[in-house]
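Take a look at the structure below.
2 protein chains.
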Amino acid sequence: MMTPLIITAAVDGAETMREHNPNVPYTPEEIAQEAVRCREAGASMVHVHGREDDGTPTQARDVFEQILNKIRERSDILVQFSTGGAVWMSVEERIEALDLRPDMATLTTGTVNFGEDVFMNSLPMIRQIAERLQEFDITPEIEIFDTGMVDTAMRLVKEGLLEEPLHFDFVLGVPGGMGGRPENLEFLVDMIPEGSTWSVAGIGRHELPLAYKAIDMGGHVRVGLEDNIFVEKGVLAKGSWELVEKVVEYAEEQGREIATPEVAKEILGVG
Amino acid sequence: MMTPLIITAAVDGAETMREHNPNVPYTPEEIAQEAVRCREAGASMVHVHGREDDGTPTQARDVFEQILNKIRERSDILVQFSTGGAVWMSVEERIEALDLRPDMATLTTGTVNFGEDVFMNSLPMIRQIAERLQEFDITPEIEIFDTGMVDTAMRLVKEGLLEEPLHFDFVLGVPGGMGGRPENLEFLVDMIPEGSTWSVAGIGRHELPLAYKAIDMGGHVRVGLEDNIFVEKGVLAKGSWELVEKVVEYAEEQGREIATPEVAKEILGVG
Chain A
27 MMTPLIITAA VDGAETMREH NPNVPYTPEE IAQEAVRCRE AGASMVHVHG
77 REDDGTPTQA RDVFEQILNK IRERSDILVQ FSTGGAVWMS VEERIEALDL
127 RPDMATLTTG TVNFGEDVFM NSLPMIRQIA ERLQEFDITP EIEIFDTGMV
177 DTAMRLVKEG LLEEPLHFDF VLGVPGGMGG RPENLEFLVD MIPEGSTWSV
227 AGIGRHELPL AYKAIDMGGH VRVGLEDNIF VEKGVLAKGS WELVEKVVEY
277 AEEQGREIAT PEVAKEILGV G
Chain B
27 MMTPLIITAA VDGAETMREH NPNVPYTPEE IAQEAVRCRE AGASMVHVHG
77 REDDGTPTQA RDVFEQILNK IRERSDILVQ FSTGGAVWMS VEERIEALDL
127 RPDMATLTTG TVNFGEDVFM NSLPMIRQIA ERLQEFDITP EIEIFDTGMV
177 DTAMRLVKEG LLEEPLHFDF VLGVPGGMGG RPENLEFLVD MIPEGSTWSV
227 AGIGRHELPL AYKAIDMGGH VRVGLEDNIF VEKGVLAKGS WELVEKVVEY
277 AEEQGREIAT PEVAKEILGV G
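First to last, the protein sequences are chains A and B. The opening position of the first sequence corresponds to residue 27 in our numbering, with each subsequent residue numbered one higher. The opening position of the second sequence corresponds to residue 27 in our numbering, with each subsequent residue numbered one higher.
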């Protein structure tokens, strides 16, 4: 039997604005509400970025503190902080909130074009983030945008900055990163060491097809408005929870059990 | 029968210093001499970076002018300029010499970690280089360090900045880029559109194994001290020409014909 499915809801991100989909949560209150809805729909983890009240991306510690407290007050959903922030942020800014000890935080192990911008993660920056994660004993989700980033993660293991087993998230379909073809996912899964866990975050129209493929392959899934605003062609999602529902529906059809936050913690070695 | 094999000699680069291998050419005169030796050994193209007389990388127009003139005075070998330069150079600096109209020039279609550094090629920078190549009617060699860069090249085709058929060079084994596993080469070759041509530049210990694999697969090959300083484990190469000789030897064993510069021009659509 396959391991229970962990669904992560990426509810806001740094790029999706209300102009794209009016259901993107901005304030800590809105983000917490959306996290609760996603938990009810079947997600066991929520991936959050900080936002100012007008939607401007921020990694400010007090914003993350509000988000974390508001979510924890009303839900057992695991909370994962982004350390990616937005492409123009300094690394110090991106890791400012980690002392709040979220359940997980992301660690992107390379630099990649991100549309017209560059998502900068030089090796010294990666090491700095990894050290901070170790300092606060936060389980990393290794964000992979292309194949070289897997090798860099393994290099960090050798340097003692990451510890196996690793958990990878393959973000596929960013313009500049690895594309969203199903073969790409298969290739990455073949690359990672045995005993690793992995999820896929397909961008845009790749989100649900790659999620379904990951479910078939025994991997885990990230969906949400950060990555994709549509629930089907031309139809805006009512919220990230609606995308979570689609994933749950498919998993149930395939007989794949959904992980609770408690089970997800065990699978991911959190806490 | 397979298409004749094009061997490109990457004789100097921006990173390999005489401290690594005393046979790295620095001055235009030395680079030209090395190009002639590589041509005699079987290379039909030479890939050059500029160097100050003390070995410091430069993309200065007058240095490239001397290199180009000195090579053309004494050899029919095709001359390919790097537009990569060194990781700390501005894009303007990197393309300064293109009005000299070398036979080819490289175009890297993405940003990637390069050891401790970042090799920056944002989409706006890539467009700027591609426009300059079009302006001077120089055939591009698309340098690929990871899979997303292939997709970006295809995007530039759609934008009218590149024209099919494309010629790719897969640079495999840079720490931060795609690794040097043979599966990686196969994966990339499967990705590119039919009618494209390609070569492989394996870095370090991957150089000769990947070159031999490319010969078997019908692709082309880049070797030289820029990418690898050893001719076998622990034995420094006497020059890039010695690595070219190894490749020729293997190709002859496999019954693969070696392309002259004239034939290479035809295959690559140069001139």
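Beta carbons: idealized from backbone N, C-alpha and C, even for Gly.
Rounded C-alpha distance that separates residue i from residue j
i, j, result
"residue 224 of chain A", "residue 272 of chain A", "20 Å"
"residue 178 of chain A", "residue 140 of chain A", "19 Å"
"residue 229 of chain A", "residue 200 of chain A", "6 Å"
"residue 70 of chain A", "residue 168 of chain A", "18 Å"
"residue 254 of chain A", "residue 231 of chain A", "7 Å"
"residue 285 of chain B", "residue 67 of chain B", "12 Å"
"residue 192 of chain B", "residue 104 of chain B", "18 Å"
"residue 151 of chain A", "residue 275 of chain B", "44 Å"
"residue 291 of chain A", "residue 32 of chain A", "10 Å"
"residue 111 of chain B", "residue 202 of chain A", "21 Å"
"residue 76 of chain A", "residue 86 of chain A", "7 Å"
"residue 289 of chain B", "residue 189 of chain B", "21 Å"
"residue 220 of chain B", "residue 237 of chain B", "21 Å"
"residue 263 of chain B", "residue 257 of chain B", "5 Å"
"residue 279 of chain B", "residue 259 of chain B", "22 Å"
"residue 173 of chain B", "residue 180 of chain B", "12 Å"
"residue 297 of chain B", "residue 43 of chain B", "33 Å"
"residue 113 of chain A", "residue 107 of chain A", "16 Å"
"residue 176 of chain A", "residue 217 of chain A", "8 Å"
"residue 166 of chain A", "residue 142 of chain B", "21 Å"
"residue 121 of chain B", "residue 109 of chain B", "6 Å"
"residue 226 of chain A", "residue 293 of chain A", "16 Å"
"residue 65 of chain B", "residue 268 of chain B", "11 Å"
"residue 35 of chain A", "residue 117 of chain A", "24 Å"
"residue 295 of chain A", "residue 222 of chain A", "11 Å"
Cβ separation of residue i and residue j, assumed to be a contact under 8 Å, to the nearest whole Å
i, j, result
"residue 282 of chain B", "residue 241 of chain B", "6 Å"
"residue 97 of chain B", "residue 130 of chain B", "Contact flag wrong, Cβ pair sits at about 13 Å."
"residue 53 of chain B", "residue 79 of chain B", "5 Å"
"residue 83 of chain A", "residue 123 of chain A", "Actually they are not in contact, since the Cβ atoms of residue 83 of chain A and residue 123 of chain A sit about 13 Å apart, beyond 8 Å."
"residue 187 of chain B", "residue 156 of chain B", "4 Å"
"residue 127 of chain A", "residue 58 of chain A", "Incorrect: roughly 17 Å between the Cβ atoms, too far for contact."
"residue 37 of chain B", "residue 62 of chain B", "No, residue 37 of chain B and residue 62 of chain B are not in contact; Cβ-Cβ is about 11 Å, not under 8 Å."
"residue 215 of chain A", "residue 249 of chain A", "The pair is not a contact, with the Cβ atoms about 18 Å apart (cut-off 8 Å)."
"residue 287 of chain A", "residue 102 of chain A", "5 Å"
"residue 265 of chain B", "residue 56 of chain B", "Incorrect: roughly 10 Å between the Cβ atoms, too far for contact."
Residue i (DSSP reduced to helix, strand or coil)
i, result
"residue 200 of chain B", "coil"
"residue 248 of chain B", "strand"
"residue 104 of chain A", "strand"
"residue 296 of chain B", "coil"
"residue 77 of chain A", "strand"
"residue 228 of chain A", "strand"
"residue 164 of chain B", "coil"
"residue 83 of chain B", "strand"
"residue 147 of chain B", "coil"
"residue 113 of chain A", "coil"
"residue 253 of chain B", "coil"
"residue 283 of chain A", "coil"
"residue 31 of chain A", "strand"
"residue 173 of chain A", "coil"
"residue 131 of chain A", "strand"
"residue 47 of chain A", "coil"
"residue 274 of chain B", "helix"
"residue 38 of chain A", "coil"
"residue 220 of chain B", "coil"
"residue 190 of chain A", "coil"
"residue 185 of chain B", "coil"
"residue 258 of chain B", "strand"
heavy atom of the ligand FAD below 6 Å from residue i C-beta
i, result
"residue 277 of chain A", "As presented, the structure is devoid of all ligands, the ligand FAD included, so that no description of it is given."
Determine which residues of the region 166 to 188 of chain B have a Cβ less than 8 Å from any Cβ of chain A, and write them out in chain order.
-> 171, 172, 173, 174, 177, 178 and 181
Is there contact here, the region 147 to 154 of chain B with the region 117 to 137 of chain B, by at least three beta-carbon pairs under 8 Å?
-> yes
Can you give me, in chain order, the residues of the region 207 to 228 of chain B that have a beta carbon less than 9 Å from any beta carbon in chain A?
-> 207, 209, 210, 213, 216 and 217
The region 150 to 164 of chain A contacting the region 37 to 55 of chain B, beta-carbon criterion three pairs below 8 Å = no
Given 8 Å as the limit, is there contact between the region 235 to 249 of chain B and the region 207 to 220 of chain A, that is, 3 or more CB pairs closer than that?
-> no
Which residues, in chain order, does the region 146 to 157 of chain A contribute to contact with chain B at a C-beta distance below 9 Å?
-> 146, 147, 148, 149, 150 and 152
For the region 243 to 276 of chain A, enumerate the residues whose C-beta is nearer than 8 Å to any C-beta of chain B, in chain order.
-> none
Would you list, in chain order, the members of the region 121 to 142 of chain A that have their beta-carbon closer than 8 Å to a beta-carbon of chain C?
-> In summary, chain C is missing from the structure at hand, where the protein chains are A and B.
According to a CB-to-CB cut-off of less than 9 Å, which residues of the region 55 to 89 of chain B neighbour chain A?
-> none
Using a beta-carbon distance cut-off of less than 9 Å, what residues from the region 192 to 204 of chain A approach chain B?
-> 200, 201, 202, 203 and 204
Residues in the region 98 to 113 of chain A with C-beta within 7 Å of chain B's C-beta atoms, listed in sequence order?
-> none
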